[in-house]
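A.B. asks:
Residue numbers (full-length UniProt numbering): 1 to 303.
(1) Quick check on the burial criterion: 16 or more other C-beta atoms within 10 angstroms. Buried or exposed for residue 71?
(2) Quick one: Cα of residue 364 to Cα of residue 240, how far?
(3) Measuring CA to CA, which of 148, 133 and 255 is closest to residue 185?
(4) Where residue 131 and residue 192 are concerned, what is the direct C-alpha to C-alpha distance, given to the nearest angstrom?
(5) How far does the beta strand (DSSP E) with residue 184 in it extend, from its first residue to its last?
(6) Three Cβ pairs or more, each shorter than 8 Å: is that satisfied between the stretch 218 to 225 and the stretch 169 to 189?
(7) Would a C-beta distance cut-off of 9 Å place residue 215 and residue 94 closer than the cut-off?
(8) Is DSSP giving residue 123 helix, strand or coil here?
(9) Taking the alpha carbon of residue 101 as the point to measure from, which residue in 123, 112, 273 and 108 has its own alpha carbon closest?
(10) Which whole-angstrom value describes the C-beta separation of residue 141 and residue 166, a residue pair presumed to lie in contact below a C-beta threshold of 8 Å?
(11) Which residues in the same chain have their Cβ closer than 8 Å to the Cβ of residue 114, if we skip the five residues on either side of it in sequence?
(12) Sort out for me which residues DSSP pairs residue 280 with in a bridge.
(13) Nearest-angstrom Cα distance between residue 268 and residue 104?
(14) Can you look up residue 56 in the DSSP assignment and give me helix, strand or coil?
(15) How long is the line joining the alpha carbons of residue 211 and residue 262, rounded to whole angstroms?
(16) Can you check whether the CB of residue 87 is closer than 9 Å to the CB of residue 237?
(17) Could you tell me how far apart the beta carbons of residue 213 and residue 125 are, in whole angstroms, since I believe they sit closer than 8 Å?
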């Protein structure tokens, strides 16, 4: 009976203390506490409203004008990659058309208007005239490209010079019949042992002949290739103007077809469709730059 009375007495004392503490807090203090709570709620609501406005009322992330402007770099490089894709297709189509020209039937050489040759590269023409062997010269070093050439394997025991790819192209001036035009004809490839005319005297055509040859254009000096030395007869690349001036010919250059080969002489058919085509490497470069810069932009703005 005593214990319940003691427990009730303790509860009564605790309640009295709480009421006394509440009465001791000033009325203004309670209002101040309520005011602080309201301010914090208002700030939270204001922050939410500003975020909603910044997002345009939606859930997306807002980008500044500067961040959007930085997209110009990946967009531009992507467009350049697309342009190089177009150029690559165009260049491959051009190369294919030039290769097809090599197989077209020969036409007569345009004696009356040699300017037509400008649009006839890799086209076969038929010429009749006489070789001027006393003005012969060569371009070296040159490899073989004719249809009859099969590169010697590393394990082959054959040692014939004709299996080698190292040699020179023999260029012989050719005077067209019934005309004062003298063209340069690349008769074909010879190994180093047959560069000298004395080593192939029996294979030098004499008198009037008719052959088919391929029209070619002059070339610029390739990178890492030395300058020609005309006075010493050293030719490393085809500069028709230099050659014509040195050997008193017209700046017209033809390459004899494979079928024109004379036994023991230069091997014709050295026409190789060689068109510069760097568009694939440019394409890869531009698309790679576009992907990298776009990834950097996404990381920077945490997309």
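Glycine is no exception: its CB is placed at the ideal position from the N, C-alpha and C atoms.
C.D. replies: According to the structure shown:
(1) Exposed, by the Cβ-count rule.
(2) Because the chain spans 1 through 303 in this model, residue 364 falls outside it and cannot be assessed.
(3) Minimum Cα-Cα distance from residue 185 among the listed residues 148, 133 and 255 corresponds to 255.
(4) C-alpha of residue 131 to C-alpha of residue 192: approximately 22 Å in a straight line.
(5) Boundaries of the beta strand (DSSP E) harbouring residue 184: 182 to 191, taken from the DSSP string.
(6) No: the two stretches stay apart, fewer than three of their Cβ pairs being nearer than 8 Å.
(7) No. Outside cutoff.
(8) Residue 123 sits in coil when the DSSP states are folded into three classes, being neither helix nor strand.
(9) The candidate whose alpha carbon is nearest that of residue 101 is 123.
(10) The beta carbons of residue 141 and residue 166 sit about 6 Å from each other, so the pair counts as a contact at 8 Å.
(11) Spatial neighbours of residue 114 in its own chain (CB-CB distance under 8 Å, excluding positions within 5 residues in sequence) are listed in chain order as 181, 250 and 252.
(12) Paired residue(s): none; residue 280 is not in a bridge.
(13) In this model, residue 268 and residue 104 are separated by some 17 Å (Cα to Cα).
(14) Only weak support is given to the placement of residue 56: the predicted model assigns it a pLDDT of 47, under 50, and the question is left unresolved by the model.
(15) In a straight line, the C-alpha of residue 211 is about 11 Å away from that of residue 262.
(16) For residue 237 and residue 87, no; Cβs fall outside 9 Å.
(17) The pair is a contact, with the Cβ atoms about 6 Å apart (cut-off 8 Å).
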